[in-house]
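Enquirer: Residues 2 to 403 (the numbering used here) make up the sequence shown, in order. Think of the CB as a built atom: it goes at the ideal place given N, C-alpha and C, for glycine as much as any other residue.
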Amino acid sequence: MPLALLALAIGAFGIGTTEFVIMGLLPEVAGDYGVSIPTAGYLVTGYALGVMFGAPLMTVLGTKISRKRMLMLLMGLFIVGNLLSALAPAFSVMLIGRIVASLAHGAFFGIGSVVAADLVAPDKKAGAIAMMFTGLTVANVVGVPLGTLVGQSAGWRVTFGIVAALGVVGLAGIARLVPDMPKAEGVHLRHELAAFKNVQVLLAMAMTVLGFGGVFAAITYIAPMMTHVAGFGDGSVTWLLVLFGLGMVGGNLVGGRFADRALMPMLYVSLGALAVVLALFTLTAHDKLLSAITIALIGALGFATVPPLQKRVLDQAHAAPTLASAVNIGAFNLGNALSAWLGGLVIAAGLGYTAPNWVGAALAAGALALALVSAALERRAGEPGTVVAGGAPAEQRAAVHH
């Protein structure tokens with residue numbers, strides 16, 4: 002794997018840290034600004050919305066320049082946002098800083114996925130994407146716990162200052178190691194938008210929303226589930242999340258490796274197993290050891306879907322993949338928001354803290370169903386004489402691709 006992937010992984014590590022570390026520092030931030038915990042929660046919501054809307058917006062704005070330069074600009078935006086958060090004199094200013102940093106998130110991973118895939122041979126593309134996303138998964142194992150510890154001991158502003166410094170390292174790495182890959186000739190915004198007419202692209206994004214939504218339906222409410230149902234102490238939640246992060250790292254690497262060999266079978270296995278494990282979590286959540294094992298499995302199976310889903314979007318939008326790739330990153334955050342809302346509904350309905358696991362299992366099963374539909378449509382489109390998108394017979398499209 003080329004060293005340029007290390008630079009992308011460092012940027013991903015910084016982005017992953019700033020996204021999730023705020024959850025462990027909400028009490029400190031709320032206390033400093035004199036706001037309630039629910040109000041401080043807007044720092045999480047605002048970031049997620051910034052990712053959703055920033056992914057397509059920043060990608061469209063970047064269609065006129067090279068991908069390397071756009072990645073550097075995005076890291077610059079990330080640095081500014083985190084510095085603003087670290088120095089913010091008022092809560093509203095910090096919220097603005099969070100939103101500014103979030104605008105870089107979706108486009109960085111979207112454009113970075115395209116760049117990572119272009120750096121390697123065709124049979125290693127998913128592995129290259131997984132290597133970049135390793136930075137995000139490692140952030141949950143190392144960056145978030147350390148950032149939380151630093152924030153609680155030295156002050157949360159120090160944490161965001163360190164994250165900004167990580168952004169500087171990522172920016173320098175991209176400038177030094179990523180080759181200058183010019184903007185694809187003849188590809189304009191209308192070509193990027195045309196990818197969304199492809200039903201396979203839309204199906205892949207829907208799989209992203211439901212599949213990763215299944216993960217966060219359970220993980221969003223992991224603290225009350227583990228303390229009230231499993232019987233863990235409050236201090237154990239951090240280490241349980243580290244287990245989740247370790248699962249993410251392993252699942253991401255395995256998903257990247259096997260997606261290059263058999264993409265759709267990898268999705269069938271990971272989504273099917275995820276649905277089963279989430280359903281079983283309603284039972285294993287009552288036992289400390291079994292719940293810890295289950296949490297690691299959810300992280301592994303959930304992130305095993307990320308490289309194949311991202312590669313699926315790149316493959317199906319091969320003529321103009323940048324915008325579709327970035328929007329798919331936004332789809333992960335849409336899944337997080339949707340599942341957190343649904344999980345809250347079933348808890349509020351009095352169904353208990355384990356009820357979100359059933360929601361997650363249903364979402365993952367829905368993603369598996371969409372994967373089967375997607376494969377069936379692809380097989381049908383490959384039959385001789387079948388008319389596909391654009392009105393050309395399948396054999397003509399195959400001839401063009403080869």
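In the DSSP assignment, find the alpha helix (DSSP H) that holds SER292 and state where it starts and stops.
Expert: Translated into the one-based positions of the sequence shown, residue 292 becomes position 291. 289-305 is the extent of the alpha helix (DSSP H) around SER292.
Enquirer: Rounded to whole angstroms, what is the Cα-Cα separation between ASN83 and ASP181?
Expert: Position 82 of the sequence shown, counting from 1, holds the residue named residue 83. Position 180 of the sequence shown, counting from 1, holds the residue named residue 181. ASN83 and ASP181: Cα-Cα distance of roughly 27 Å.
Enquirer: Considering only C-alpha positions, which residue in the set ALA362, ALA176, PHE21 is nearest to ARG68?
Expert: Taking the sequence shown and counting its residues from 1, the one referred to as residue 68 is at position 67. It is ALA176.
Enquirer: For GLY262, does the three-state DSSP call read helix, strand or coil?
Expert: Mapped onto the sequence shown, residue 262 falls at position 261. The sequence as given places Arg at residue 262; Gly does not occur at that position. ARG262: coil per DSSP, three-state reduction.
Enquirer: Exposed or buried, which one is ASP124 when buried takes at least 16 other CB atoms within 10 Å?
Expert: Numbered from its first residue, the sequence shown carries residue 124 at position 123. So ASP124 ends up on the exposed side.
Enquirer: Looking at ALA218 and VAL360, is the spacing between their C-beta atoms short of 9 Å?
Expert: The count along the sequence shown starts at 1 and reaches residue 360 at position 359. The count along the sequence shown starts at 1 and reaches residue 218 at position 217. Contact flag set, yes.
Enquirer: Taking only the alpha-carbon atoms, compute the straight-line gap between ALA407 and ASP119 and give it to the nearest angstrom.
Expert: Outside the shown range of the chain (2 to 403) lies residue 407, about which nothing can therefore be said.
Enquirer: What residue range is occupied by the uninterrupted alpha helix (DSSP H) comprising SER103?
Expert: Position 102 of the sequence shown, counting from 1, holds the residue named residue 103. SER103 -> alpha helix (DSSP H) spans 92-119.
Enquirer: Report the residue from MET132, THR18, SER103 whose alpha carbon sits nearest the alpha carbon of ALA5.
Expert: Reading the sequence shown from its first residue, position 4 is the one you call residue 5. It is MET132.
Enquirer: Output yes or no for whether 9 Å exceeds the beta carbon distance between LEU247 and GLY300.
Expert: Position 246 of the sequence shown, counted from the first residue, corresponds to residue 247. Position 299 of the sequence shown, counted from the first residue, corresponds to residue 300. Going by C-beta atoms, LEU247 is nearer than 9 Å to GLY300.
Enquirer: Along the chain, where does the alpha helix (DSSP H) containing TYR48 start, and where does it finish?
Expert: Position 47 of the sequence shown, counted from the start, is the residue given in the question as residue 48. It spans 43-62 - the alpha helix (DSSP H) in which TYR48 sits, taken as one unbroken run.
Enquirer: Which of the three DSSP states, helix, strand or coil, is assigned to ASP316?
Expert: As a first step, residue 316 is located in the sequence shown; it is residue number 315 there, counting from the start. Residue state, collapsed to three classes: helix.
Enquirer: Given that a residue counts as buried once 16 or more other Cβ atoms are within 10 Å of its Cβ, and exposed if not, what is THR19?
Expert: What you label residue 19 is simply residue 18 of the sequence shown in a count that begins at 1. Buried.
Enquirer: With a CB to CB cut of under 6 Å and the five nearest residues on each side skipped, what residues in its chain are close to GLY47?
Expert: Translated into positions along the sequence shown, residue 47 becomes position 46. Within the same chain, GLY47 has close Cβ partners LEU96, ARG99, ILE100.
Enquirer: To the nearest angstrom, report how far apart GLY15 and SER93 are at their CA atoms.
Expert: Within the sequence shown, residue 15 is the residue found at index 14, counting from 1. Within the sequence shown, residue 93 is the residue found at index 92, counting from 1. Between GLY15 and SER93, the C-alpha separation is close to 23 Å.
Enquirer: Tell whether a beta-carbon distance below 9 Å holds between ALA365 and LEU272.
Expert: Against the sequence shown, residue 365 aligns to sequence position 364. Against the sequence shown, residue 272 aligns to sequence position 271. Contact flag set, yes.
Enquirer: Whether or not the region 277-291 and the region 311-319 are in contact is what I'm after, with contact meaning three or more pairs of Cβ atoms, one per stretch, closer than 8 Å; do they touch?
Expert: With the cut-off at 8 Å, the region 311-319 and the region 277-291 do not touch.
Enquirer: Which of the three DSSP states is assigned to ILE80 in this structure?
Expert: To locate residue 80, count along the sequence shown from 1; it is residue 79. Helix, per DSSP.
Enquirer: I'd like to know if the region 362-381 and the region 205-221 are in contact, where contact means that at least 3 CB-CB pairs between them fall below 8 Å.
Expert: Yes, the region 362-381 is in contact with the region 205-221.
Enquirer: Quick one: what does DSSP say SER340 is sitting in, helix, strand or coil?
Expert: To locate residue 340, count along the sequence shown from 1; it is residue 339. Residue state, collapsed to three classes: helix.
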